[in-house]
Amino acid sequence: MATLGIPQNTIEILQKYNFKFQKKFGQNFLIDTHVLEKIIESAGITKDDFVLEIGPGIGTMTQYLCENAREVMAVEIDNNLIPILGETLAAYDNVTVVNEDILKLDIAKVAKEHNDNKPIKVVANLPYYITTPIIMGLFESHVPLESITVMVQKEVADRMQSGPGTKDYGALSLAVQYYSKAEIVANVPPNCFMPRPNVGSAVIRLTCHEKAPVDVDDEKLMFKLIRASFNQRRKTLQNGINNAPDLNFNKEQVVAALDEMGVAPTIRGEALTLEQFAKLSNLLVQQ
Ligand code: SAM
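Per the numbering used here, residue 1 is the first one in the sequence shown, and the count goes up by one each step.
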């Protein structure tokens, strides 16, 4: 099978199957071999690895993954792509294509059955409309993960990497930094895809922590506090927490905790670091 990363080969297979792109599935297929090579290299795939690919499309990146990994599972929601994948991946016996919505797949079970419960690598050119639920789902379900190397919208990659006091800083930044070390490894322009997306893209590698960088007694509480403070970005932290329907702390309790941390009572959540959210959560949980 010829490399699909070359535009002519992609066009040929799409025409052969009379494939129609579905916008609702975020279908923008990669047509640039340099970008494909860069993703595989950044993910550090070796013949020891089990790789989960989310949304293989016509199998362009899957071919590279099959060449480099021990085993690949590619999960694709669009039924129309399954026969195409049957042809483009016919030469590989180390790949399983699963016709399923990734948000419904029990990935922890996959890691157990296919990788002895050892950390897996996730590699994908993600469907942008569900980037956050996919990433958060992977982290929060405590799937054993080594790394997640993904193409995302450039703006989302920036949000994942940003720190306190910047406009991009938010709940996603804090979650990504709690679970992993984030590094943008490439910026990718729209002309590397077919059809071209109307946003810039970036490849980001999230190297998952073996141990979280901060000590948190109640992880769920910390993330509720984080969400409460960013849901009401313009409000002070004490108001944000006080107004949150799923939290039961009054302003006095929050101010006392902030005081113990040496932080002004008028502070906004967007100014707090991950360490400070962890500390605040540990102080409030004791009450
Ligand atoms: N990997 C291919 C490439 O790079 O050329 C395709 C990437 S395209 C941006 C995203 C792919 O994810 C599409 O094939 C789309 O059908 C698939 N997809 C969209 N939503 C999905 C879901 N919920 N579960 C699994 N796959 C999904």
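The beta-carbon is built from N, C-alpha and C at its ideal position, and this holds for glycine as well.
As a quick exercise: from the options, pick the residue whose alpha carbon is nearest that of residue i.
i: Thr131; options: Gly55, Asp78, Asn198; result: Gly55
i: Met136; options: Asn80, Leu172, Asn191, Lys224; result: Leu172
i: Val143; options: Ala175, Val110, Gln153, Asp259; result: Val110
i: Gln297; options: Lys112, Ile45, Gln15; result: Nothing in the structure corresponds to residue 297, since the chain is present only between 1 and 287.
i: Val122; options: Pro7, Thr3, Arg205; result: Arg205
i: Met151; options: Lys20, Ala228, Phe193, Leu126; result: Leu126
i: Glu71; options: Lys38, Asn79, His114; result: His114
i: Lys38; options: Pro83, Cys192, Val214; result: Cys192
i: Lys20; options: Val214, Val97, Asp78, Ala212; result: Asp78
i: Phe230; options: Ser180, Leu272, Glu76, Thr33; result: Leu272
i: Val216; options: Arg159, Gln276, Asp116; result: Gln276
i: Tyr92; options: Glu155, Gln287, Asn68, Glu12; result: Asn68
i: Gln8; options: Met194, Ala228, Val254, Lys279; result: Met194
i: Asn117; options: Val97, Leu145, Ile102; result: Leu145
i: Val317; options: Gly165, Glu140, Thr60; result: Outside the displayed range of the chain (1 to 287) lies residue 317, so it cannot be described from this structure.
i: Met73; options: Leu105, Glu87, Ser42, Ile241; result: Leu105
i: Gly57; options: Val188, His209, Pro83; result: Pro83
i: Pro213; options: Leu174, Gly240, Leu85, Ala202; result: Leu174
i: Thr60; options: Ala157, Asp32, Tyr178; result: Asp32
i: Ile120; options: Tyr129, Leu138, Ile134, Gly240; result: Leu138
Any heavy atom of ligand 1 closer than 7 Å to the CB of residue i?
i: Phe249; result: no
i: Asn28; result: yes
i: Val75; result: yes
i: Phe21; result: no
i: Ile135; result: no
i: Gly200; result: no
i: Met61; result: yes
i: Gly57; result: yes
i: Leu81; result: yes
i: Phe277; result: no
i: Phe25; result: yes
i: Asn9; result: no
i: Leu106; result: Per the sequence presented here, residue 106 reads as Asp, with Leu not at that position. For ligand 1, not one heavy atom lies less than 7 Å from the Cβ of Asp106.
i: Ile54; result: yes
i: Leu14; result: no
i: Pro127; result: yes
i: Leu103; result: yes
i: Ile148; result: no
i: Ile130; result: yes
i: Asp78; result: yes
What are the partner residues of residue i, as DSSP defines its beta bridges?
i: Asn125; result: Met151
i: Ile120; result: Leu145
Completely contained alpha helix (DSSP H) runs for the stretch 199 to 244, where each covers 4 or more residues = 219 to 231, 237 to 243
Complete runs of the alpha helix (DSSP H) confined to the stretch 132 to 199 [at least 4 residues] | 154 to 161, 171 to 179
Which parts of the stretch 15 to 100 are runs of the alpha helix (DSSP H), unbroken and 4 residues or longer, counting only runs that do not cross its ends?
-> 33 to 43, 60 to 68, 82 to 88
Does the stretch 197 to 204 touch the stretch 242 to 262, meaning 3 or more C-beta pairs lie closer than 8 Å?
-> no
Between the stretch 46 to 53 and the stretch 23 to 30, do three or more beta carbon pairs fall short of 8 Å?
-> no
Inspect the CB distances between the stretch 181 to 188 and the stretch 234 to 248 and report whether three or more fall short of 8 Å.
-> no
Is the number of C-beta pairs between the stretch 262 to 270 and the stretch 220 to 238 that are closer than 8 Å three or more?
-> yes
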